[in-house]
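Colleague: Protein chains in written order, with the numbering used here: chain A, 29 to 239; chain B, 29 to 239.
What follows is the structure in structure tokens.
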């Protein structure tokens with residue numbers, strides 16, 4: 029039976045999970061969650077995930093949430109996209125925590141405020157504050173990728189998939205690839221891997237549905 | 029040789045690591061990092077941690093950063109504070125990612141803006157925005173703790189230590205324990221464990237040093 033990924037196209041964390049399922053050659057299918065009409069916050073959905081968030085992965089008896097945990101599970105189950113030693117596995121986890129705290133965690137909210145709420149309601153001070161924090165994070169990421177092709181070790185791992193997710197979306201959030209050459213080339217490297225697709229080609233739902 | 033924890037009293041993430049080292053009965057000593065004079069952002073410190081952050085744990089040949097990874101390492105090494113099954117371990121990791129993204133990650137910045145910068149420079153709109161987001165996180169946490177004494181399983185784990193860290197600080201960030209009774213009792217439960225100390229009693233450096 030296929031694994032089911034509860035997701036919607038706009039969700040960066042869900043995209044990371046969808047990419048990992050694809051690159052790890054797991055059989056999976058998306059289950060669309062109507063986030064923009066509040067589905068992920070309903071009591072019914074909270075029965076699946078008390079955190080009220082996508083992605084949720086259901087694989088047989090296993091139900092998982094939080095993209096970091098889903099990525100770790102996919103890697104452990106398939107033996108792909110993971111580290112080759114305890115030290116590499118810790119290093120992967122390190123970048124995934126950093127990503128959740130400093131990179132994707134802040135990009136997600138910034139992109140939402142800039143693209144998915146009415147312009148007249150945009151909290152400009154919040155957006156500026158978050159974009160300034162993100163510059164520090166981009167600098168850390170770009171410097172790291174200046175010294176290595178991949179986040180950890182010599183091949184793509186779930187650390188790359190965690191950190192890269194939001195950068196493939198078309199909606200602006202204040203990041204320009206030409207300002208960060210090492211990030212830019214790393215994104216090209218990931219997008220050249222077999223099976224890679226852009227977010228709206230890999231999951232159901234996209235902004236034009238609501239236009 | 030004692031493990032060394034690079035830390036300073038005000039750091040919530042470092043406090044989580046210090047609590048875990050204490051509860052797991054590891055021999056450790058703090059190494060003070062003068063964050064407020066910029067030490068964690070110096071080139072010398074970035075040789076230790078390219079992310080420019082505390083905590084850093086050095087245990088023999090192993091150097092680790094990110095509190096989540098340090099907690100996981102302490103638990104794996106000592107066999108304490110961890111899950112009893114693969115499912116419990118995934119559940120612990122799930123709450124730790126959630127904490128980094130939605131709880132501690134946002135509290136840390138809110139507390140900083142409210143307490144550690146000159147009042148006239150406070151970005152009030154940012155603080156309000158973050159406090160509103162935190163209310164959703166407190167609600168998730170309080171509801172979860174309404175159904176169980178501990179975050180995962182029937183004993184204290186690193187999931188508790190990850191989520192609880194910032195709540196023991198005296199500086200206000202908009203959280204009032206009496207509004208969240210299940211969180212309140214859980215904090216009492218953790219503080220009653222043998223060896224527990226408040227942040228400024230467990231690590232060097234506190235706001236009065238700078239008064």
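Even for Gly, the Cβ is constructed at its ideal location relative to N, Cα and C. On a predicted model such as this, the values are computed, not experimentally measured, just so you know.
1) Where residue 67/B and residue 177/B are concerned, what is the direct C-alpha to C-alpha distance, given to the nearest angstrom?
2) Beta-carbon separation of residue 187/B and residue 127/B under 9 angstroms?
3) To the nearest whole angstrom, what separates the beta carbons of residue 192/A and residue 218/A, a pair I think is in contact under 8 angstroms?
4) Would you please verify whether the beta carbon of residue 235/A is less than 9 angstroms from any beta carbon of chain B?
5) Quick check: is the beta carbon of residue 183/A nearer than 9 angstroms to any beta carbon in chain B?
6) Does residue 138/B come out as helix, strand or coil in the three-state DSSP assignment?
7) Would you list, in chain order, the members of the segment 49-82 of chain B that have their beta-carbon closer than 8 angstroms to a beta-carbon of chain A?
8) Name the chain A residues whose beta carbon is nearer than 8 angstroms to that of residue 126/B?
9) Is DSSP giving residue 53/A helix, strand or coil here?
10) Do you know whose CA, among 169/A, 60/A, 72/A and 116/A, lies nearest residue 83/A's CA?
11) Which residues of the segment 171-203 of chain A have a Cβ closer than 8 angstroms to any Cβ of chain B? Give them in chain order.
12) Report buried or exposed for residue 94/B, applying the criterion of at least 16 other Cβ atoms within 10 angstroms of its Cβ.
13) Taking the Cβ atom as the reference point for each residue, do residue 117/A and residue 40/A lie within a distance shorter than 9 angstroms?
14) Can you check whether the CB of residue 58/B is closer than 9 angstroms to the CB of residue 232/B?
15) Looking at residue 51/B and residue 131/B, is the spacing between their C-beta atoms short of 9 angstroms?
16) Give, in chain order, every residue of the segment 111-138 of chain A whose Cβ lies closer than 7 angstroms to some Cβ of chain B.
17) Would you mind sorting residue 183/B into buried or exposed? The rule is 16 or more other CB atoms within 10 Å of its CB.
18) Applying the criterion that 16 or more other CB atoms from any shown protein chain within 10 Å of the CB defines a buried residue, is residue 145/A buried or exposed?
19) In the structure shown, what three-state DSSP assignment does residue 41/A receive?
20) Please report the residue range of the beta strand (DSSP E) in which residue 87/B lies.
21) Apart from the five residues just before and just after residue 174/B, which ones in its own chain have a Cβ nearer than 6 angstroms to its Cβ?
22) Would a check of beta-carbon distances place residue 153/B closer than 9 angstroms to chain A?
23) Does the Cβ-Cβ distance between residue 26/A and residue 159/A come in under 9 angstroms?
24) Taking the beta strand (DSSP E) that residue 163/B falls in, what are its first and last residues?
25) Would you call residue 190/B buried or exposed, if buried means 16 or more other Cβ atoms sit within 10 Å of its Cβ?
26) Could you give the DSSP three-state label for residue 48/B: helix, strand or coil?
27) Suppose you measure from the CA of residue 37/B to the CA of residue 87/B; what does that come to, to the nearest Å?
28) For residue 90/A versus residue 115/B, is the C-beta distance shorter than 9 angstroms?
29) One question on the structure: do residue 134/A and residue 165/A come within less than 9 angstroms of each other, judged by their Cβ atoms?
30) Does the CB of residue 164/B have a neighbour CB from chain D at under 9 angstroms?
31) Does residue 228/B come out as helix, strand or coil in the three-state DSSP assignment?
32) Quick check: the Cα distance between residue 185/A and residue 111/A, rounded to an integer number of angstroms?
33) Find the nearest neighbour of residue 169/A within the set 143/A, 213/A, 92/A and 157/A, judged by alpha-carbon distance.
34) Leaving out five residues before and five after residue 206/A in sequence, what residues of the same chain have Cβ atoms less than 8 angstroms from its Cβ?
35) Whose CA, out of 125/A, 124/A, 122/A and 48/A, lies closest to the CA of residue 222/A?
36) Step through the CB atoms of chain B and report whether any lies within less than 9 angstroms of the CB of residue 140/A.
Modeller: Per the coordinate set shown:
1) Along the second chain, read from residue 1 onward, the residue named residue 67/B stands at position 39. Along the second chain, read from residue 1 onward, the residue named residue 177/B stands at position 149. Looking at the two C-alpha atoms, the distance is approximately 39 angstroms.
2) Start at 1 with the first residue of the second chain, and residue 187/B comes out as number 159. Start at 1 with the first residue of the second chain, and residue 127/B comes out as number 99. Yes, these two residues count as a Cβ contact at 9 angstroms.
3) To locate residue 192/A, count along the first chain from 1; it is residue 164. To locate residue 218/A, count along the first chain from 1; it is residue 190. 5 angstroms between Cβ atoms; contact.
4) Indexing the first chain from 1 puts residue 235/A at position 207. Cβ-Cβ to chain B under 9 angstroms: no for residue 235/A.
5) Counting from 1 along the first chain, the entry for residue 183/A is found at position 155. Chain B contact via Cβ: absent.
6) Residue mapping note: residue 138/B aligns to position 110 of the second chain, counting from 1. Residue 138/B falls in the helix class under three-state DSSP.
7) 78, 79 and 80
8) Here the question's residue 126/B lines up with position 98 in the second chain. Simply 79 and 94.
9) The residue given as residue 53/A occupies position 25 in the first chain. Of the three classes helix, strand and coil, the one that applies to residue 53/A here is coil, per DSSP.
10) One-based indexing of the first chain puts residue 83/A at position 55. The candidate whose alpha carbon is nearest that of residue 83/A is 60/A.
11) 171 and 172
12) Residue mapping note: residue 94/B aligns to position 66 of the second chain, counting from 1. Buried, by the Cβ-count rule.
13) Translated into positions along the first chain, residue 117/A becomes position 89. Translated into positions along the first chain, residue 40/A becomes position 12. Result no, Cβ atoms of residue 117/A and residue 40/A do not sit closer than 9 angstroms.
14) Working through the second chain from its first residue, we reach residue 232/B at position 204. Working through the second chain from its first residue, we reach residue 58/B at position 30. Yes, the pair counts as a contact, with Cβ atoms nearer than the cut-off.
15) By 1-based counting over the second chain, the position of residue 131/B is 103. By 1-based counting over the second chain, the position of residue 51/B is 23. Result no, Cβ atoms of residue 131/B and residue 51/B do not sit closer than 9 angstroms.
16) 118, 121, 122, 125, 126, 128, 129 and 133
17) If you number the second chain from 1, residue 183/B lands on position 155. Looking at its Cβ environment, which holds fewer than 16 other Cβ atoms inside 10 Å, residue 183/B is exposed.
18) As a first step, residue 145/A must be located in the first chain, where it is residue number 117. By the 10 Å Cβ count, residue 145/A comes out exposed.
19) Taking the first chain and counting its residues from 1, the one referred to as residue 41/A is at position 13. Correct three-state label for residue 41/A: helix.
20) If you number the second chain from 1, residue 87/B lands on position 59. Residue 87/B -> beta strand (DSSP E) spans 84-87.
21) The residue labelled residue 174/B in the question sits at position 146 within the second chain. Taken in chain order, the residues that qualify are 210.
22) Working through the second chain from its first residue, we reach residue 153/B at position 125. Chain A contact via Cβ: present.
23) The requested residue 26/A does not occur in the structure, where chain A is confined to residues 29 to 239.
24) Locating residue 163/B in the second chain gives position 135, where the first residue counts as 1. That residue, residue 163/B, is in no beta strand (DSSP E); its alpha helix (DSSP H) goes 152-174.
25) Translated into positions along the second chain, residue 190/B becomes position 162. Classification for residue 190/B: buried.
26) The count along the second chain starts at 1 and reaches residue 48/B at position 20. Correct three-state label for residue 48/B: helix.
27) Counting from one through the second chain, the residue named residue 37/B turns up at place 9. Counting from one through the second chain, the residue named residue 87/B turns up at place 59. If you take the alpha carbons of residue 37/B and residue 87/B, they lie about 20 angstroms apart.
28) Start at 1 with the first residue of the first chain, and residue 90/A comes out as number 62. Start at 1 with the first residue of the second chain, and residue 115/B comes out as number 87. Cβ atoms of residue 90/A and residue 115/B: closer than 9 angstroms.
29) As a first step, residue 134/A is located in the first chain; it is residue number 106 there, counting from the start. As a first step, residue 165/A is located in the first chain; it is residue number 137 there, counting from the start. Yes, these two residues count as a Cβ contact at 9 angstroms.
30) Within the model displayed, chain D is absent; protein chains A and B are what it includes.
31) The residue given as residue 228/B occupies position 200 in the second chain. Residue state, collapsed to three classes: helix.
32) To locate residue 185/A, count along the first chain from 1; it is residue 157. To locate residue 111/A, count along the first chain from 1; it is residue 83. If I take the Cα positions, the gap works out to 7 angstroms.
33) Here residue 169/A is taken as the residue at index 141 of the first chain, counted from 1. For residue 169/A, the nearest C-alpha among the options comes from 213/A.
34) Stepping through the first chain from its first residue, residue 206/A is reached at position 178. Closer than 8 angstroms at Cβ, skipping near neighbours: 212.
35) Counting from 1 along the first chain, the entry for residue 222/A is found at position 194. Among 125/A, 124/A, 122/A and 48/A, the Cα nearest to that of residue 222/A belongs to 48/A.
36) Counting from one through the first chain, the residue named residue 140/A turns up at place 112. Not an interface residue.
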